[in-house]
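Enquirer:
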Amino acid sequence: VVLACLCVTACPAQSGVASESDRIHCVTDISHEFTFYFDGRFGKNYVLPNGVDARNWGTLHKLDLQNVNLLILQSGASPCPYLPEDVEAVRTFMAEGGAVVALGDFASFRNEKQYRLNALVEPFGAVFIDELAKKPLKGYANLDKHEIRSYAPKTIKLPRASDWEVLVKDAGDHVVMARRPVGKGTLVVASRSLCGHNPDASDPINDIWWKPLLREITKHKSVDSNRRLRSQMPENETQRQRLPIEYSDYMKSYADAIYGVYDECFPVIQDVMGVAPSKGMLTKLILLPTGGGGFSSGSSIGLAAWWGGFPEKKYGMVELISHESTHSWVHPFTEPMWNEGIATYVGILVGRKMALQADADATLDRWIKGAKRHDPDMTKYDLANGKGIPHAVAMAKPMWIFEQLRKEKPDIVARYFQVKRKLATPEKIDRYTADDSVAVLSIAMGRDLFSWFQSLGITVQPDKATIRLER
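Letter by letter, the sequence shown follows residues 202 to 672 in our numbering.
Laid out in structure tokens, this is it:
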């Protein structure tokens, strides 16, 4: 995934400086599991515009909570522990009036038995259990008049029910959400499925009652609205030969292994790409506590620490490093037609060169077979201007195109990026379009490819390209 700007090193998502009426200062913890939704989208759905939202990427108990009155804790199937120091930091925060919302659904990492978030909530008398809730859900107390929407919620056990106010139950009378006082503050435990999950924040389910609830539980701790709330980045930074690595204490055991693969991949990526990384790119590597992908902002890349079965399995990490590095490599202009597809394709080519050909070929085969279920002849969908393109096609059609061209010129990917680096510069062009990319690819191949692309249903025209073919 390529990010237009690096939200992780800049200020958190907030709409200017909060006014005195914007009383919620929220920090969402993504140090135990990174998801794009909780990296700002939860705050957009449920905190803004009545407050501001920052993220915690670092070790939880090292987070400065002085000017915070709402802490969102969430985790899925993650190996990252909640340390005793984390529990005490959360307890102190609530004792001072802070509100904590623990969003969870029981999930264990690989062969583990425990759900890590339970180490945080059990000392306060709650346990997330591996039991699906039965719909419909019903609200109680302040939520008794509201519809309770959800995805696939699981239930919560409260050994001392009298300590809690139940807010949501399922059709079988099992708890799905509850709250209790802790010190001057409040602890809410709730199924993760009671809030949105789309990375574009397009599903703010239950916002009609989440927003007033969050305003209510944060009123016991005052904050200074004139002090800008900032995210905490991973506190450990280790300088390596190629670039520094940032990671929290939870991710320390992954740092050496992931950098080792990065160091091994780097010269191979450069060989496949045919050029060095663009100036100012790839200056930092951030380890993400997730198995679900990564990101590139250009200057920095974030890598999912246990992607593809890592560290037991290597290929997935090779492909991920290559994919995210490619997003940085292609600057100063991103790819208009195949930004994601070619990034994964570079990962496949790197895997082939690193003696992982069986895994690489199987990956390519899966992508192309998936695309051909929608478009058997690769002529139906317009990568340049089409709408409603299936994800498999958007990813695999570019791979298929380059596979055809590699039969004639095996190093066509390198040739393409060499020509692009020469001709597509900010001094020569203002933007890089699909028409320009075909012009560059034509120059790299040594022949006009526009008619071929048009035969594949892709609406590109040479006269619309700023970069002209050499005739």
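Glycine included, each C-beta is placed from N, C-alpha and C at the ideal position.
Alpha carbon to alpha carbon, how far is residue 356 from residue 418? Give it in angstroms, no decimals.
Expert: Residue 418 and residue 356: Cα-Cα distance of roughly 22 Å.
Enquirer: Considering residue 599, what are the terminal residues of the alpha helix (DSSP H) in which it resides?
Expert: Here the alpha helix (DSSP H) through residue 599 covers 592-607.
Enquirer: Which of the three DSSP states, helix, strand or coil, is assigned to residue 555?
Expert: In the structure shown, residue 555 sits in coil (DSSP, three-state: anything other than H, G, I, E or B).
Enquirer: Per DSSP, what are the beta-bridge partners of residue 297 in this structure?
Expert: DSSP, once it has assigned bridges, lists no residue as partnering residue 297.
Enquirer: Helix, strand or coil: how does DSSP classify residue 276 here?
Expert: Of the three classes helix, strand and coil, the one that applies to residue 276 here is strand, per DSSP.
Enquirer: Under a three-way DSSP split, which group does residue 374 fall into?
Expert: Of the three classes helix, strand and coil, the one that applies to residue 374 here is coil, per DSSP.
Enquirer: How many Å lie between residue 534 and residue 499 at the Cα?
Expert: Rounded to the nearest angstrom, the two C-alpha atoms are 11 Å apart.
Enquirer: Between residue 234 and residue 490, which are expected to be in contact by the criterion C-beta below 8 Å, what is the C-beta distance as a whole number of angstroms?
Expert: Confirmed, Cβ separation roughly 6 Å.
Enquirer: Tell me whether the beta-carbon of residue 282 lies closer than 8 Å to the beta-carbon of residue 451.
Expert: Their beta carbons are under 8 Å apart, which means residue 282 touches residue 451 by this criterion.
Enquirer: Have a look at residue 362 and residue 253 and give me their C-alpha separation to the nearest angstrom.
Expert: Cα to Cα, residue 362 sits roughly 33 Å from residue 253.
Enquirer: I need the DSSP call for residue 483, collapsed to helix, strand or coil.
Expert: Three-state result, residue 483: coil.
Enquirer: What's the gap between the Cα of residue 486 and the Cα of residue 523?
Expert: Approximately 13 Å between the Cα atoms of the pair.
Enquirer: If you draw a straight line from the C-alpha of residue 514 to the C-alpha of residue 556, how long is it?
Expert: Computed Cα separation, rounded: 13 Å.
Enquirer: Please name the residue, chosen from 637, 493, 539, that lies closest to residue 602 on a Cα-to-Cα basis.
Expert: If we check each option's Cα against that of residue 602, 539 comes out closest.
Enquirer: Would you kindly work out how many angstroms separate the C-alpha atoms of residue 197 and residue 435, rounded to a whole number?
Expert: Look at the range of the chain in this structure, 202 to 672, and you will see that residue 197 is not part of it.
Enquirer: Where residue 590 and residue 658 are concerned, what is the direct C-alpha to C-alpha distance, given to the nearest angstrom?
Expert: The alpha-carbon atoms of residue 590 and residue 658 are separated by roughly 12 Å.
Enquirer: According to DSSP, is residue 226 part of a helix, a strand, or is it coil?
Expert: It is a strand residue.
Enquirer: Buried or exposed, going by whether 16 or more other CB atoms sit within 10 Å of the CB of residue 668?
Expert: Looking at its Cβ environment, which holds 16 or more other Cβ atoms inside 10 Å, residue 668 is buried.
Enquirer: With DSSP collapsed to three states, give me the class of residue 678.
Expert: In the structure displayed, the chain extends from 202 to 672; residue 678 sits before or after that span and is not available.
Enquirer: What do you reckon, are the CB atoms on residue 564 and residue 543 nearer than 8 Å?
Expert: No, the pair does not count as a contact, with Cβ atoms beyond the cut-off.
Enquirer: So, are the CB atoms of residue 316 and residue 307 less than 8 Å apart?
Expert: Yes, Cβ-Cβ distance for residue 316 and residue 307 is below 8 Å.
Enquirer: With residue 230 and residue 275 assumed to form a contact (beta carbons below 8 Å), what rounded beta-carbon distance in angstroms separates them?
Expert: Going by Cβ atoms, the distance from residue 230 to residue 275 rounds to 7 Å, so yes, they are a contact pair.
Enquirer: What first and last residue would you give for the beta strand (DSSP E) that runs through residue 440?
Expert: Unbroken beta strand (DSSP E) run through residue 440: 437-440.
Enquirer: Do residue 251 and residue 416 come within 8 Å of each other at the CB atom, strictly closer than that value?
Expert: Contact: yes.
Enquirer: What are the boundary residues of the beta strand (DSSP E) that includes residue 501?
Expert: Where residue 501 is concerned, the enclosing beta strand (DSSP E) stretches over 501-505.
Enquirer: Starting from the N-terminal side, write out each stretch of the alpha helix (DSSP H) that is 4 residues or longer and does not extend beyond the stretch 228-288.
Expert: Here the runs fully enclosed are 243-247.
Enquirer: For residue 255, tell me which candidate among 344, 225, 262, 390 has the shortest Cα-Cα distance.
Expert: The shortest Cα separation from residue 255 among 344, 225, 262, 390 belongs to 225.
Enquirer: When the Cα atoms are used, what is the spatial distance from residue 459 to residue 346?
Expert: Rounded to whole angstroms, residue 459 to residue 346 spans 50 Å at the Cα level.
Enquirer: On a CA-only basis, which of 464, 532, 413 is nearest residue 476? Give me that one, please.
Expert: Among 464, 532, 413, the Cα nearest to that of residue 476 belongs to 532.
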